[in-house]
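Residue numbers (the working numbering): 692 to 1018.
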């Protein structure tokens, strides 16, 4: 019944909470509860029963005469200026989010693992030119593929720009359906989040183990191996997180019209700062390595840069959020 209650709350939210509207809401809830119980007694599942009830009762305009609230409903609602989403629009948007969820997760994962070849070749070959060139080529190729994935996802979401930009009014049917989908996939999401968090917690162990095992002379490659495995585990955690979070992403998007979600926000400031970060890190790495002839030690810039990137991303996001709230 939580979904039905949420459906009713959304249905009545555009209208003033007059005594008659409150009474009509209680009457409609009882009608919907009776229909739900009848569907359950016929053998329908909980999800099917909720869907049947929501489809049967339609919009408040269709029920106004029966509930005796024609006068109240005929008044223009104090809702968002843009029209409400249809259920088909919401389902199409959800299908696109589900279909492209691996594009976003895959792009971020590629960005994280992109310096692995460069770090490995630099340390294992003592800064030989050809291996470094190959490592840089791998880094550039992986970053380029990640950017292509993000562009592809953006193109797939283009038909749903109205939803992405938050230019819609909340739809009771669409919101109830999205809430039911989020609840139906709650178990899967819990599992994927648990796996992702576990990967992130354990990600430090390979690096620590490699550092402890490299005490002996000539075993620096163990540190590099540990760092590589750490980056792969972090990337895998991000990918798993993204793959399991799609239903909740859809529900949160449909629940907050007029507010652009963090995942879908295109902040010029964030794009400029974060987009320039890794190229600048690469320039610094090459300058240090060539000018200081420090190929055997300059690789440490990558794990340090990774930590600073995470902190910078949080600061940039906070700055962008603050600017949006003051608009």
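No residue lacks a Cβ here, since even glycine has one placed at the ideal position from N, Cα and C.
None of these values were measured; they are calculated from a predicted model.
Integer-rounded CB distance, given that residue j should sit under 8 Å from residue i
i	j	result
residue 825	residue 812	6 Å
residue 992	residue 976	5 Å
residue 930	residue 800	5 Å
residue 730	residue 744	7 Å
residue 865	residue 781	4 Å
residue 808	residue 830	7 Å
residue 792	residue 934	6 Å
residue 727	residue 695	7 Å
Reduced DSSP category for residue i - H, G, I as helix; E, B as strand; rest coil
i	result
residue 867	helix
residue 662	Past the boundaries of the shown model lies residue 662; the chain is included only from 692 to 1018, so the question cannot be answered.
residue 775	strand
residue 885	helix
residue 944	helix
residue 894	coil
residue 706	coil
residue 701	helix
residue 789	helix
residue 902	helix
residue 873	helix
residue 800	helix
residue 879	helix
residue 999	helix
residue 819	coil
Inter-residue Cα distance where the pair is residue i and residue j
i	j	result
residue 1031	residue 788	Residue 1031 cannot be examined here, being either before or after the span of the chain that is shown, 692 to 1018.
residue 900	residue 914	8 Å
residue 918	residue 897	7 Å
residue 698	residue 872	14 Å
residue 844	residue 757	45 Å
residue 921	residue 890	9 Å
residue 939	residue 733	30 Å
residue 999	residue 804	16 Å
residue 892	residue 936	19 Å
residue 884	residue 932	6 Å
residue 783	residue 855	13 Å
residue 946	residue 867	10 Å
residue 857	residue 869	16 Å
residue 709	residue 717	13 Å
residue 735	residue 859	33 Å
residue 846	residue 840	10 Å
residue 942	residue 852	16 Å
residue 737	residue 882	22 Å
residue 912	residue 880	37 Å
residue 702	residue 834	45 Å
residue 944	residue 776	12 Å
residue 778	residue 786	12 Å
residue 927	residue 895	14 Å
residue 666	residue 795	The question about residue 666 has no answer, for the chain in this structure spans 692 to 1018.
residue 790	residue 741	25 Å
residue 820	residue 814	12 Å
residue 713	residue 706	10 Å
residue 903	residue 925	21 Å
residue 715	residue 722	11 Å
residue 863	residue 810	52 Å
residue 753	residue 837	48 Å
Extent of the continuous alpha helix (DSSP H) to which residue i belongs
i	result
residue 713	710-732
residue 921	912-935
residue 759	Where residue 759 is concerned, there is no enclosing alpha helix (DSSP H), given that its DSSP letter is neither H nor E.
residue 811	807-815
residue 741	737-748
* Of all the alpha helix (DSSP H) runs that stay within the bounds of the stretch 828-862, which reach a length of 4 or more residues? -> 852-855
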